Amino acid sequence: MSGFGLAGPPPVPAIPGWRHVRTGKVRDLYSNDSNEILLVASDRVSAYDWVMPTTIPDKGAVLTQLSLFWFELLADIVPNHIISTDVPDIVADRAIIVQPLEMFAIECVARGYLTGSGWSEYQNSGAVCGQPLPAGILDGSKLPTTIFTPATKAEIGDHDINIDFETAAKIIGAGDAQELKELTITLYETAADFASSRGIILADTKFEFGRSASGEILLGDEALTPDSSRFWELSTWAPGGAQASYDKQFLRDYLVSSGWDRNSPPPELPAEIVEKTARRYREAFFHLTGSVF
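Numbering-wise (our numbering), the sequence shown opens with residue 1 and increments by one.
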């Protein structure tokens, strides 16, 4: 059991000139008569396939503004879906207008460090997504090379499943799978180098790609946010355990320690946890962009 919990999906604001199309875990999608998409990042936060009943202040704006920062920085590698940032006032700072894309049915994950589900898989099999790794790697270790570890795209309430490259190729075609692999690794390594210059380790990240009406592959969804990435503090990094992070790992750790049964709807988050989670999102933005949010 997972998803939005007993209350169901939250209400979404009515936006003149835009029709509500879909509500995801974090984002709400609208369309207009010009076939453009208004992508609105809410303050909702998800963990362990559940959307928490408590929101995180300014989270949606941080996600949107940080994505815009990375989209611009990485535009020479791959074009993106952005049309405009001139959005209705009711969703100012937290929304973008984008092209509709035919999204590829896989999530494109790059890992430069081993942790999370990759670490769990490695402990069980000595490999991640079918890629054998050397023995003796610790949780949080830097990998010898960046690895591409795709995953299925789950609907709300379902689990993403790590898959090997061959399975990804069967889902989207061998040629597209190879192109997305190469793009994912190049984007990750470029972003990781930049983050390192700001004192941040980009341990792993997830990208989503789609094909435009003209057939061009574009980077969609979000880019290199605390929701889609693990950001660690470079100065304190040490393999062998948990790392000081600027992402929602703090929230995940709290939920584990709280004794919450993941088969039941999550509890309201204490004010202290909300504040500390919000602070980590703002700190990620500051360290990466140099601007105070």
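Just so it is clear, CB atoms sit at the ideal spot from N, CA and C, and this is done for glycine as well. These numbers were taken from a predicted model, which means no experiment stands behind them.
Task: Range covered by the beta strand (DSSP E) that runs through residue 174 - done: Not the beta strand (DSSP E): residue 174 falls in the alpha helix (DSSP H), residues 174 to 197.
Task: Cα-Cα separation between residue 259 and residue 129, rounded to whole angstroms - done: Each residue's alpha carbon lies about 30 angstroms from the other.
Task: Cα-Cα separation, residue 106 to residue 164 - done: 11 angstroms
Task: Counted within 10 angstroms of its Cβ, other Cβ atoms place residue 90 as buried (16 or more) or exposed - done: Around the beta carbon of residue 90, a 10 Å sphere encloses fewer than 16 other beta carbons of the protein chains shown; the residue is thus reported as exposed.
Open item on the list: Less than 6 angstroms between C-beta atoms, sequence neighbours within five positions excluded: which residues of the same chain meet that for residue 242?
Closed with: none
- [ ] At 3 residues or longer, and completely inside the region 123 to 152: list those beta strand (DSSP E) runs for me, N to C.
- [x] 142 to 148
TODO: Please go through the same chain and pick out, in chain order, the residues whose beta-carbon is closer than 7 angstroms to the beta-carbon of residue 67, but skip the five residues on each side of it.
DONE: 222, 223, 225
Task: Residue of 205, 215, 247 minimising C-alpha distance to residue 187 - done: Comparing alpha carbon positions, the residue from 205, 215, 247 closest to residue 187 is 205.
TODO: May I have the straight-line CA-CA distance separating residue 250 from residue 263, to the nearest angstrom?
DONE: 20 angstroms
Task: Reduced DSSP secondary structure (H/G/I, E/B, other) of residue 212 - done: coil
- [ ] Below 8 angstroms on the Cβ atoms is my guess for residue 122 versus residue 138; work out the distance and round it to an integer in Å.
- [x] That pair is no contact at about 10 angstroms.
- [ ] Can you give me the Cβ contacts of residue 291 inside the same chain, cut-off strictly under 8 angstroms, excluding the 5 residues immediately before and after it?
- [x] 285
TODO: Over the uninterrupted alpha helix (DSSP H) stretch that includes residue 233, give me the two end residues.
DONE: That residue, residue 233, is in no alpha helix (DSSP H); its beta strand (DSSP E) goes 229 to 233.
- [ ] Under 7 angstroms Cβ to Cβ from residue 83, same chain only, skipping five residues before and after it: list those, please.
- [x] 36, 97, 98, 99
Open item on the list: Does residue 59 pass the burial test, meaning 16 or more other C-beta atoms within 10 Å, or should it be called exposed?
Closed with: buried
Task: Other residues of its chain near residue 79: CB distance less than 6 angstroms, five sequence neighbours each side excluded - done: Answer for residue 79: 218, listed in chain order.
- [ ] Measure how close the beta-carbons of residue 64 and residue 95 come, nearest whole angstrom, since I'm counting them as under 8 angstroms.
- [x] 7 angstroms
Task: Three-state secondary structure (DSSP) of residue 20 - done: strand
Task: Bridge partner(s) assigned by DSSP for residue 46 - done: 51
- [ ] Measure how close the beta-carbons of residue 268 and residue 53 come, nearest whole angstrom, since I'm counting them as under 8 angstroms.
- [x] 5 angstroms
Open item on the list: If contacts are defined as beta-carbon pairs under 8 angstroms, then residue 231 and residue 200 qualify, I think. What distance do you get, rounded to the angstrom?
Closed with: Between residue 231 and residue 200, the beta carbon gap of about 5 angstroms places them in contact (Cβ cut-off 8 angstroms).
TODO: Quick one: using the 10 Å Cβ neighbour count with 16 as the cut-off for buried, is residue 23 buried or exposed?
DONE: buried
TODO: Would you kindly report the start and end of the unbroken alpha helix (DSSP H) that includes residue 275?
DONE: 271 to 289
Open item on the list: Suppose you measure from the CA of residue 151 to the CA of residue 160; what does that come to, to the nearest Å?
Closed with: 6 angstroms
Task: residue 20 vs residue 28 beta-carbon contact at 9 angstroms - done: yes
Task: Nearest neighbour of residue 55, chosen from 248, 261, 194 [CA to CA] - done: 248
TODO: Tell me whether residue 63 sits in a helix, a strand or coil according to DSSP, three-state version.
DONE: helix
TODO: Quick one: residues in its chain with C-beta nearer than 8 angstroms to the C-beta of residue 246, no 5 flanking neighbours on either side, listed in chain order?
DONE: When the five nearest sequence neighbours on each side are left out, the beta carbons in the same chain lying within less than 8 angstroms of the beta carbon of residue 246 are those of 200, 226, 231, 232, 233, 280, 281, 283, 284, 287, in order along the chain.
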